[in-house]
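Colleague: The structure is given below, and queries will be raised subsequently.
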Amino acid sequence: MLNRKYTDLLFDLDNTLIDFSDGSLKALHSFCHHYQIKDKQEFISVYHKINTQIWKEFELGTIDSTTLRSKRFADTFSKLNMKSLDPVEANATYLAFLVSHSTIDTTVKLLLERLSQKYNLHIVTNGLKEVQRARLNKIQIDSLFKTITVSDEIGFRKPQTAYFDYVFAQMDEKPLLDDVLIIGDSLHSDIQGGILYGLDTCWINNKPDTQNSLSATYTLSSVKEIETVLKPT
Ligand SMILES: [Mg+2]
1 MLNRKYTDLL
11 FDLDNTLIDF
21 SDGSLKALHS
31 FCHHYQIKDK
41 QEFISVYHKI
51 NTQIWKEFEL
61 GTIDSTTLRS
71 KRFADTFSKL
81 NMKSLDPVEA
91 NATYLAFLVS
101 HSTIDTTVKL
111 LLERLSQKYN
121 LHIVTNGLKE
131 VQRARLNKIQ
141 IDSLFKTITV
151 SDEIGFRKPQ
161 TAYFDYVFAQ
171 MDEKPLLDDV
181 LIIGDSLHSD
191 IQGGILYGLD
201 TCWINNKPDT
211 QNSLSATYTL
221 SSVKEIETVL
231 KPT
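So for the sequence shown, our numbering puts the first residue at 1; every next one is plus one.
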């Protein structure tokens, strides 16, 4: 019998397993080059501010993913007087660059390979359907996961209970809730979602200035430390 506390590990993708901020910045640089945008810093700074606000609205459910796709570039172009560009096409261009700039830390990849020998691994992500599977495929970790659930493909997102119902429905062997741990960097999506569903939670607090307003079962500063909480007590 395996010496383990959990049978199934649910991993968030962005800013948990891979550094989304870094990949996104590189994609935006390529984007500016593609559209010959002269002041890259200004463009990226305006886009970041608008995109952060629009993702918040999306996660709260006040806008849908179709609106998210067009509005973040429409608002950026409007603010910077670049109205001749098509926001929908710009979004597709950005997403293509995002896939090509996706990378994973070798330490994290080796960690996942090791964990996949002992646990059933799953991806639980709120990302967009055009890119999430393509990014997992690009960094060659998709085969390590038993299930991959992309919110945008199913119409439910973390922290909704219906999202987790979908995740569990895809599993071949249904684990007990007590045997499942969710690991993620978002208090709103990952930790709140896990708590609402009755799972143990591991908050990846990679922005050390953030306050923990929810009671996660564990808090780590990086996913690289995950093995410290996986041993039975
Ligand atoms: Mg995340």
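We put the CB at the ideal spot given by N, CA and C, even for glycine.
Considering Cα atoms alone, identify which of Thr7, Gln36, Asn91, Asn15 is closest to Asp190.
Modeller: Taking the first residue of the sequence shown as position 1, residue 190 is located at position 190. Selected option, being the one with the closest Cα: Asn15.
Colleague: Run through DSSP, which three-state label would Thr228 get?
Modeller: Taking the first residue of the sequence shown as 1, we reach residue 228 at position 228. If DSSP states are grouped into helix, strand and coil, Thr228 belongs with the helices.
Colleague: Below 8 Å, how does it come out for the segment 27 to 36 and the segment 55 to 65: are there three or more Cβ pairs, yes or no?
Modeller: No, they do not touch.
Colleague: With C-beta atoms as the reference, is Tyr166 less than 9 Å away from Ile182?
Modeller: Locating residue 166 in the sequence shown gives position 166, counting from the first residue. Locating residue 182 in the sequence shown gives position 182, counting from the first residue. No, they are not a contact pair.
Colleague: From the DSSP output, read off the bridge partner residues of Leu121.
Modeller: Within the sequence shown, the letter at position 121 stands for residue 121. Beta-bridge pairing links Leu121 to Leu9.
Colleague: Ligand 1 and Leu136: does any heavy atom of the ligand fall closer than 8 Å to the residue's C-beta?
Modeller: Against the sequence shown, residue 136 aligns to sequence position 136. False, no ligand heavy atom lies under 8 Å from that Cβ.
Colleague: Where Ile50 and Tyr94 are concerned, what is the direct C-alpha to C-alpha distance, given to the nearest angstrom?
Modeller: The count along the sequence shown starts at 1 and reaches residue 50 at position 50. The count along the sequence shown starts at 1 and reaches residue 94 at position 94. Each residue's Cα considered, the two are about 15 Å apart.
Colleague: Would you kindly report the start and end of the unbroken beta strand (DSSP E) that includes Ile94?
Modeller: The sequence position of residue 94 within the sequence shown is 94, counting from 1. First, the residue type needs correcting, since residue 94 is Tyr and not Ile in the sequence shown. Element bounds for Tyr94: not the beta strand (DSSP E) but the alpha helix (DSSP H), 87 to 100.
Colleague: Using a Cβ-based criterion (distance less than 8 Å to any ligand heavy atom), does Asn51 qualify as near ligand 1?
Modeller: Within the sequence shown, residue 51 is the residue found at index 51, counting from 1. The answer is no for Asn51.
Colleague: Is Asn15 near ligand 1, judged by its Cβ being under 8 Å from some heavy atom?
Modeller: Translated into the one-based positions of the sequence shown, residue 15 becomes position 15. Flag set: Cβ of Asn15 near ligand 1.
Colleague: To the nearest angstrom, report how far apart Gly184 and Leu121 are at their CA atoms.
Modeller: Looking up residue 184 in the sequence shown gives position 184. Looking up residue 121 in the sequence shown gives position 121. Near 13 Å, if we compare the C-alpha coordinates of Leu121 and Gly184.
Colleague: Take every Cβ of the segment 104 to 119, pair it with every Cβ of the segment 73 to 83, and state whether three or more of those distances are shorter than 8 Å.
Modeller: Output reads no: the segment 73 to 83 does not touch the segment 104 to 119.
Colleague: Under the rule that 16 or more other beta-carbon atoms within 10 Å means buried, what is Ser78, buried or exposed?
Modeller: Within the sequence shown, the letter at position 78 stands for residue 78. When all chains shown are included, Ser78 counts as exposed.
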